[in-house]
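A short write-up of the structure that comes next.
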Amino acid sequence: MKQLSSQWLQCPLPDNFFKQLGKAHSSEIRRAIHKAWNLPGRKLYPALRNRVEQSGMLEVVTEQTQEWDGAFRYSDEWNRYPGYKSDKAQFEREVKKGKWRIQSGMLHVDMPTWLTLASLSFAQDSEKESPNHRFLKELFQLYIRRSYIHPFIQKEKKMMLYGHAVRCDVVAHTEDKVLIGETGGVQLWKVMALLYKGYTVAVLPHWTQQKVNPFIRKRLSYAFYLFSRRQSDS
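With this note's numbering as the guide, the letters of the sequence shown map in order to residues 35 to 268.
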């Protein structure tokens, strides 16, 4: 895939901003972010979202693969459900038969974009999800906006999959497909069910198990996997 980039994003944070904060409580990190950006309360999140959308830099590199296990890195606790082993065996058979098209790749950002996305991860007070999970959701939305023209994006969308109520992290409606983004810990059965329903599924796996401040170490590249049905398969 070609390089996808935009104008330079202005960011007031020094490169070592999150490293200096260490494993501070999320409320302390949030206060530091508000002070650094000089944006009060509820204005912080929409302001940073707009900056990323307008000027965030993203470069996408992908390749065809049959190695799909990396999509479920750090997902062991989500895949202890009854029937997981049989699901894995079935999915491996289908991959070998060429039923699914799998791409693995990296999403590369520059330092200002990384710092802004990391700030977004703490911009809203939420005990339901970790900052690394929120970061991946914001990163995926940037990928969607750089890859497709005028996508319609829904977050935390509920749907039914074979009698089970599920919540999808990000659902993007594009001109030719519905692309569902699952971030962090992901269940194999859910990805398989979405594929059977005809959706394209992107998985952005966790890069760390650190949930307090996952940005202590600078990281500008993140793995992602794209699963879809081969066009010749009906």
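Where is the CB? At the ideal position from N, CA and C, for every residue including glycine.
In terms of Cα proximity to G197, the closest of L228, F169 and F174 is L228. In this structure, S138 lies away from E190, with their beta-carbon atoms at least 8 Å apart.
Inter-segment contact for the region 64-79 and the region 166-183 is absent: fewer than three beta-carbon pairs are separated by less than 8 Å. The beta-carbon distance between M91 and V143, rounded to whole angstroms, is 6 Å. This is short enough to meet the 8 Å contact definition. Between L173 and L151, the CB-CB gap stays under 8 Å. When only Cα atoms are considered, K252 and D210 end up about 36 Å apart. Y259 sits close to G104, with the two beta carbons spaced by under 8 Å.
Distance check between K245 and each of E111, S155 and P80 places S155 closest, using alpha-carbon atoms only. The DSSP-derived three-state label of S153 is helix.
The alpha-carbon of H207 is positioned some 9 Å away from that of I214. Listed in chain order, the non-local C-beta contacts of D203 below 6 Å within the same chain comprise K171, G215, E216 and T217, local neighbours out to five positions each way being set aside.
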